[in-house]
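So the sequence shown is numbered by the numbering used here: it starts at 7 and just counts up by one.
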Amino acid sequence: METSTRQDWLSVLAHTPPPRLRRLLGPQLPPAPQVEWLRRAETGLVMLQGRAGGGGARFNLGEASVSRASCRINGCLGHGWALGSNGEHAELIAQADALLQDPARRDGLLAQWITPLRAERAARREQAAREAAASKVEFFTLVRGNEMNEMRAAFSDPVHDSQRCFRAALAALAEPLLPQTLPALPAELPGLMPATAALLYALLDQDVSVWLPPLPADTLASLRFHTGLRLAAAPEQADFVVLPLGAPPPPLAALKAGEPEYPDRSATVLLETAGFNAEQVEADGPGFAAPRRFGVDGAPDGFWRQWRDNHARFPLGVDIFLICGERVAGLPRSTRVKEG
């Protein structure tokens with residue numbers, strides 16, 4: 007058996023929604039006493055890496071939840087890995103992997119399982135591509151009416167400056183509550199701090215939605231032109247929630263927290279503050295060499311209590327960029343805080 011063949015069926019199984027996998031595999035799986043579990047499902051974190059520009063130096067992109075399981079069936083060893091924290095998904099994959107390694111059954115199971123699942127995966131990807139194409143907006147139609155007169159410039163070097171700010175945002179999340187000064191700033195956007203404007207230009211595109219409080223027309227026109235701004239009707243529906251200084255925040259528990267299978271489908275909050283201090287909480291967790299003290303001037307009432315509740319939902323929950331002027335401090339959901 008070629009390694010690429012096994013890699014192919016593991017990929018197909020991992021990309022199949024668990025309910026569909028359960029219905030398809032269920033009639034063929036052996037009774038529980040015939041399955042020797044070497045490792046029942048367990049969930050952990052892996053660090054995803056990227057390269058700047060596709061070929062530059064490696065950098066840590068962020069953490070992702072992964073579930074794994076291992077079993078033996080009739081002497082054949084099977085392993086299962088699945089993105090997310092759904093242990094049943096990993097165990098289904100492990101059992102299917104073990105059965106598919108039986109030469110006497112492989113061809114039949116490939117035809118019954120992998121061929122239709124591969125076709126369904128291709129159809130899902132084609133549907134996603136069609137939906138993306140349907141939402142495509144030609145560049146010259148982005149600005150209409152008098153918005154061109156109101157629009158402001160973004161970065162002086164749009165490609166490289168946005169990449170530098172994106173890497174700085176990742177660094178802020180990799181070293182939580184250690185303020186970073188952004189390396190490039192755009193022209194002023196009325197109603198927003200410089201770092202908020204920079205992060206919006208670096209993070210937004212037409213595939214994500216953002217909730218904004220009322221802002222000046224030229225700010226909205228500039229964001230719409232440079233990012234393809236797609237506004238959400240309510241904070242609870244948004245991928246990004248922007249809270250300028252003094253804006254009343256929605257409860258963190260009301261925002262998108264992701265799903266067990268896809269915890270990354272959660273909201274990111276850009277919260278402007280009056281300043282940073284070291285007087286409110288002691289924080290630790292992934293990314294801390296040692297506990298770090300931190301505080302936020304003008305934090306919303308009950309902010310740190312809400313954050314503890316948010317952390318308790320990990321790996322679900324929201325992530326926050328705390329912003330003051332040109333500086334950003336990352337607050338990922340994995341960070342634990344203790345007040346006092």
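Even for Gly, the Cβ is constructed at its ideal location relative to N, Cα and C.
{"Item": "Which of helix, strand or coil does DSSP assign to HIS85?", "Value": "strand"}
{"Item": "Look at the alpha carbon of LEU35 and the alpha carbon of LEU206, and state the distance between them as a whole number of angstroms.", "Value": "49 Å"}
{"Item": "Would you call the CB atoms of ARG74 and GLY86 closer than 8 Å?", "Value": "yes"}
{"Item": "Which parts of the region 215-269 are runs of the beta strand (DSSP E), unbroken and 3 residues or longer, counting only runs that do not cross its ends?", "Value": "246-249"}
{"Item": "In chain order, which beta strand (DSSP E) runs of at least 3 residues are fully inside the region 36-87?", "Value": "42-57, 64-79"}
{"Item": "Looking at GLN186 and ALA177, is the spacing between their C-beta atoms short of 8 Å?", "Value": "yes"}
{"Item": "What does DSSP give as the partner residues of ARG170 in its beta bridges?", "Value": "DSSP, once it has assigned bridges, lists no residue as partnering ARG170."}
{"Item": "Near SER215, what residues of its chain come up, given a Cβ to Cβ distance below 6 Å and the 5 sequence neighbours on each side ignored?", "Value": "ARG236, ALA238, ALA244, ASP245"}
{"Item": "Going by Cα to Cα distance, which pick from PRO297, ASN92, VAL334 is closest to GLU345?", "Value": "PRO297"}
{"Item": "Compare the Cα-Cα distances from GLY331 to each of ALA125, LEU277, PHE161 and report the closest residue.", "Value": "LEU277"}
{"Item": "Name the residue from SER272, ASP303, VAL275, ARG271 whose alpha carbon lies nearest to the alpha carbon of GLU286.", "Value": "It is Gln, not Glu, that sits at residue 286 in the sequence shown. Per the Cα distances, ASP303."}
{"Item": "Give every residue of the same chain whose Cβ lies closer than 7 Å to the Cβ of ASP113, excluding the five residues on either side of it in the sequence, and list them in chain order.", "Value": "none"}
{"Item": "Residues in the same chain with beta-carbon distance under 6 Å from LEU179, minus the five sequence neighbours each way, listed in chain order, please.", "Value": "GLY336, PRO338"}
{"Item": "Check for me: the beta strand (DSSP E) holding GLU285 runs from which residue to which?", "Value": "281-290"}
{"Item": "Quick one, which of PRO222, ALA160, HIS166 has its alpha-carbon nearest PRO200's?", "Value": "ALA160"}
{"Item": "Mapping the DSSP letters down to three states, classify LEU191 as helix, strand or coil.", "Value": "coil"}
{"Item": "Kindly give me the distance between the Cβ atoms of ALA273 and VAL324, rounded to whole angstroms, as I take these residues to be in contact under 8 Å.", "Value": "5 Å"}
{"Item": "Excluding five sequence neighbours on each side, which residues of the same chain lie with their C-beta closer than 8 Å to the C-beta of TRP310?", "Value": "GLN286, VAL287, VAL343, GLU345"}
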